[in-house]
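Data block below; observations after.
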Ligand code: 0L1
Ligand code: MG
């Protein structure tokens, strides 16, 4: 087997078997090869029947870059097998050492098959929703290099998406409040996501173009975290509110409850 296939199989079985692996040795593969490994590991999921749902951007905020010590925008692929229900129960047994972070999610209206400008981006978006990403590094102790994390599909593991709206006016500087059992654990603003989350759509279009890929209408774009991530523990009610008020100032809420224990 090639380096790409070997690494992809290792990462896929770590995710599937909920067992962390060691980081790869420094210089084991390049960043370009890391994206090849990512695609090859997603191919394992697709061969088990999962379906591509969209893409996620990572490290779009300073808080995340500082938390993980990496300062490059990265991206990964989302499948239907990662989607958790809004208001539902998230079984931590599906994960190794999950963390959650507040995001916004876009639903595409038209296929994105070329680089978009900021002026064009909104026309490609059907709706936006408050969302949370459950990240779960397949590496021991959640430690990795830039190449490691890209190969590991940017720690993508789960996502919870709230109600859709066309409330794009709320996007630029909406309050973000993530609570565990009613207590604030992370507070921020959507402005932390590239200065304006719609810029994630522009970045997504450029990254897709660079990879000679397109995104069909009806796809999800997870825009990146607005704050640092929080470790999940069993029996917690997790809620994220985006927007400080009602009407045009609010995107709404998204929530779940955790059960079981991580692997
Ligand atoms: O912002 C992100 O979603 C980056 C995820 C990859 C790094 C991490 O595990 O925090
Ligand atoms: Mg994220």
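Numbering (my numbering), first residue to last: 160 to 422.
From the three backbone atoms N, C-alpha and C, an ideal C-beta is built for every residue, glycine too.
- Runs of the beta strand (DSSP E) spanning 3 or more residues and lying entirely within the region 387-420 occur at 396-402 and 409-418, in chain order.
- Straight across, the Cα-Cα distance linking residue 379 with residue 268 is about 10 Å.
- Taking C-beta atoms as the reference points, residue 315 and residue 219 fail to come closer than 8 Å.
- Here the alpha carbon of residue 198 sits roughly 32 Å from the alpha carbon of residue 410.
- In this structure residue 422 is in contact with residue 177, their Cβ atoms being roughly 3 Å apart against a cut-off of 8 Å.
- Residue 249 and residue 189 have their C-alpha atoms some 35 Å from each other.
- Here residue 336 is buried, its C-beta having at least 16 other C-beta atoms within 10 Å.
- Annotation for residue 216: the continuous beta strand (DSSP E) segment containing it runs 211-217.
- The three-state reading of DSSP puts residue 339 in strand, counting E and B together.
- Classified as buried, residue 258 has 16 or more neighbouring CB atoms from the shown chains inside 10 Å of its CB.
- Judged by beta-carbon spacing, residue 233 lies beyond the 8 Å limit of residue 346, meaning their Cβ atoms are not closer than that value.
- Among the bridge pairs identified by DSSP, residue 258 is matched with 294 and 390.
- For residue 389, the distance from the CB to the nearest heavy atom of ligand 2 is not below 7 Å.
- Taking the CA atoms as reference points, residue 354 sits about 12 Å from residue 383.
- By the C-beta density criterion, residue 292 is buried, having at least 16 other C-beta atoms within 10 angstroms.
- In this structure, residue 292 has its beta carbon less than 7 Å from a heavy atom of ligand 2.
- One thing to note: residue 334 has its Cβ within 8 Å of the Cβ of residue 402.
- Assigned with DSSP and collapsed to three states, residue 283 falls in helix.
- Using a 10 angstroms sphere on the CB of residue 210, the tally of other CB atoms stays under 16, which defines it as exposed.
- Closest by C-alpha distance to residue 216, out of 357, 397 and 323, is 357.
- Looking from the CA of residue 338, the closest CA among 252, 261, 301 and 213 belongs to 261.
- If you draw a straight line from the Cα of residue 295 to the Cα of residue 256, it comes to about 6 Å.
- Distance check between residue 212 and each of 205, 239, 204 and 283 places 239 closest, using alpha-carbon atoms only.
- The region 318-329 makes no contact with the region 360-368, as fewer than three CB pairs between them are under 8 Å.
- Around the beta carbon of residue 306, a 10 Å sphere encloses 16 or more other beta carbons of the protein chains shown; the residue is thus reported as buried.
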